[in-house]
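So in the numbering used here, spot 430 of the sequence shown is number 867, and the numbers just go up one at a time.
C-beta: ideal position from N, C-alpha, C; glycine also.
Bear in mind that the values here come from a model prediction, so they are computed numbers and not experimental data.
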Amino acid sequence: MGKNFLLIIVSVLISCSSGVSVIGNDEDTDKNLPDENYSSGNKTTGQLCVCDNECMDSYGLEGICFYGICALAADSCEKVCPQDHICRNFSIIEKDVCFRKWIVTDNVPNCEGVSDLDFSCINNLTEDLDPSCSKYAEKRICETYGGTSYSSPESAMEVNSNTRHFSHSCKESESWFKVNVGTGYYMEACLEFFLPMGDIDLFLYNEDLELVASRNPQDYDAGEKIDFYNTGLECLAVFAKEKTRTLYVAVKGTGDHFNSYQLSFRYLPFSDGARCIERGYTREMCDEIIQFPLSDTESVDEHENYRFQRFSNYRFGTRELVMAVRYAIGETTKVFENTNPLWIGIISQKNGLATGADVGVAFSYGSFSNHTNGKAIDLAYYQKNGDNKIRNVCSEGAPFYIDKCAEEDRENHIVDLERQLYLIKKLYNTGVFSGLFIVDQIIAEEIIKKAEINNLLDSSDKLHITDEELDFIKYYVAGEGLPRHNNHMHIGM
Ligand SMILES: [Zn+2]
């Protein structure tokens, strides 16, 4: 960082402080003055700004206007920045600032400055910026780099697994990429951006330009769930099982935003099967964390019979887990006619940390959560009404959160015990899940009763439960003292 850069910051700060004092004087008559740390502005991270007091963080506290863009303020460079951000102490302004941490190790394309491991090259463009405190970031960077020649599907840039595309996104810009995923391959597209909450979103379309999934909150039911958590990382993954799939990936900005981003692609060979290790993958490959691929809603393959009910950033599991769950869902769908998709909840984060670590919130309930390293997953219950979403199954229409089902819910519950038991049997038979199958205590007892009944069926019956399976179910399907598993089943490896 050059001296000129620091001078710019100082001069911006000086002109900003005078503005702050004027606002302060105006508000002196107000007896309900907010704490001085609360921002008088309402711009969130990534929006263009002039001075600090226009910016607020997610708690409403004053943010930092940095490069003309609202950034996050950190209390301490050691611990407060969100996951995958880097904290920099700017001693001359006595502030710590959290930046998205780039994983760029090569030279950044189109970079006039020097790109290092921590920042994109825009940090080196400040020397000749106008320090007059007015939208200079947008002006300078968007004039230089804004707009692309691939701003529509027709002009989409062809990409492959080696593509690591770096660009800037300015004011409602769109960038389109076309990707061919070969048969038997998994493809994951990941968008990482510099400003954690800059308003850009990742979109995925099929060959006919129909929406497959998106991170835009408006696109509710495209296999995606509203995602309030913008942490600078957005990924969407697909599996081309039966034929090569052509997909379009779009990066879109909305409103008065600015951001710098990197879009990268990961291709991996993939197949279905109960046990990863028996399908020719190495132990290392089976343990690799991947995003649970979006179900191919155009396919009639039984393994695609699921949907997602939780944030895409919380859907990362080991290949072994993903294969085992797809297998068990596929087997259940094959045996029971007219089985609706099963809805999948949280797994873990891409970096293996527990879901919610990226925003500093314990997303899963209770202290016993072990949604780490891609080795635990929440699944909805199969339900009598065929809904199969994560919902309270103690009785029809029960509120989402209650601690446990009541005694009378042995009669009232809406779990499809036959399908649920079959799913558990198939999950168990993969040999992958060795932990408890955590359900509600009342539901657990009903599942065990059903297993005892099916144990008496002829061994040629598909629904037959073997003695070994019954032993497992008796001791490992449990819920005692574990509240709120009446809306999903938690299983772990
Ligand atoms: Zn869980």
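- Burial check for R720: the Cβ neighbour count within 10 Å stays below 16, so the residue is exposed.
- Bridge partners of H927 according to DSSP: D815, I875.
- Under the DSSP assignment, D645 falls outside any alpha helix (DSSP H); it carries neither an H nor an E label.
- Under the DSSP definition of a beta bridge, G754 partners with I727.
- Per DSSP, reduced to three states, the secondary structure at E882 is helical.
- The continuous beta strand (DSSP E) containing E629 extends over residues 622-630.
- Sorting N807, Q857, L873 by C-alpha distance to the C-alpha of L900 places Q857 at the top.
- For S871, the closest alpha carbon among the candidates I879, Q878, K862 is that of K862.
- When the beta-carbon positions are compared, L648 and S749 stay at least 8 Å from each other.
- Per DSSP, E906 is one residue of the alpha helix (DSSP H) stretching across 904-913.
- Within the chosen limit of 7 Å, ligand 1 reaches the beta carbon of A813 through at least one heavy atom.
- Between H925 and A835, the gap from beta carbon to beta carbon reaches 8 Å or more.
- When beta bridges are read from the DSSP output, L779 appears opposite Y743.
- Fewer than three pairs of CB atoms, one per stretch, sit closer than 8 Å, so the stretch 712-731 makes no contact with the stretch 828-843.
- Per DSSP, the unbroken alpha helix (DSSP H) holding K862 starts and ends at 854-866.
- By the Cβ test, the stretch 774-789 is not in contact with the stretch 886-896, since fewer than three Cβ pairs between them sit closer than 8 Å.
- Check the Cα spacing between E715 and each of P730, Y698, R756, D733: the tightest is with R756.
- Our two residues, G767 and D738, have alpha carbons roughly 8 Å apart in a direct line.
- Proximity to R752 across D853, A593, S589, T809 peaks at T809, based on C-alpha coordinates.
- Looking at the backbone, the Cα of T481 and that of G497 are separated by about 9 Å.
- Here A843 is exposed. Its C-beta has fewer than 16 other C-beta atoms within 10 Å.
- Under DSSP, S604 forms a beta bridge with Y698.
- The beta carbons of L646 and P590 sit about 6 Å from each other, so the pair counts as a contact at 8 Å.
- In the structure shown, E768 falls within a helical segment according to DSSP collapsed to helix, strand and coil.
- Residue burial annotation: E609 is exposed, with fewer than 16 other C-beta atoms found within 10 angstroms of its C-beta.
- Within 10 angstroms of the beta-carbon of G793 lie 16 or more other beta-carbons, which makes it buried.
- A direct Cα-to-Cα measurement between I902 and H927 gives close to 21 Å.
- Residue H605 holds the alpha-carbon nearest to the alpha-carbon of S586 among H605, S736, R601.
- Of the residues D904, Y743, V675, the one whose Cα lies closest to the Cα of G823 is Y743.
- Selection Y819, E644, S598 evaluated against E735 yields E644 as nearest (Cα-Cα).
- When A813, K821, W780 are compared, the shortest CA-CA separation from G754 is found for A813.
- Relative to ligand 1, H808 has its C-beta within less than 7 Å of a heavy atom.
- The residue from L684, D904, N696 with its alpha-carbon nearest to that of D733 is L684.
- At a Cβ-Cβ threshold of 8 Å, Y623 and P730 count as neighbours.
- Sorting L700, N866, F874 by C-alpha distance to the C-alpha of N923 places F874 at the top.
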